Amino acid sequence: MDTVVITQLTILNLSNLKPNFSELARMYGCDRRTIKKYYDGYEGKPKHHNKPSKLDCYEELIAQKLSIKGTTVKAVYEFF
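Heads up: the sequence shown begins at 64 in the numbering used here, then just goes up one per residue.
Written out as structure tokens, the structure reads:
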């Protein structure tokens, strides 16, 4: 979303004025629900996910199998 729109919505929000979302949407060429979403404080999707890997519980076992001489990555993959 354009920073000008977000700045204008922040100013309107701080001055306790409720904007006409339809008019702002026509001015900036986007949907009125998008304007309202940013007016209510939406900051966008989170940049990072704090989700653990599915392989974390197997990390030691994978390292152990790979340390065996002559073992390939494909062999370890097929083991699991």
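The C-beta atom is built at its ideal place from N, Cα and C for all residues, glycine as well.
Given the structure is predicted, the values throughout are model-derived calculations rather than measurements.
- Residue state for S85 is assigned as helix, using DSSP reduced to three classes.
- Annotation for T73: the continuous alpha helix (DSSP H) segment containing it runs T66 to L77.
- By the neighbour-count criterion, in which a residue is buried when 16 or more other Cβ atoms sit within 10 angstroms of its Cβ, Y105 is exposed.
- With a 10 Å radius around the Cβ and a threshold of 16 neighbouring Cβ atoms, I98 comes out buried.
- Y91 and S85 have their C-alpha atoms roughly 10 Å apart.
- DSSP places F142 within a helical segment (H, G or I) once states are collapsed to three.
- In this structure, the alpha-carbon of K132 lies about 12 Å from that of A126.
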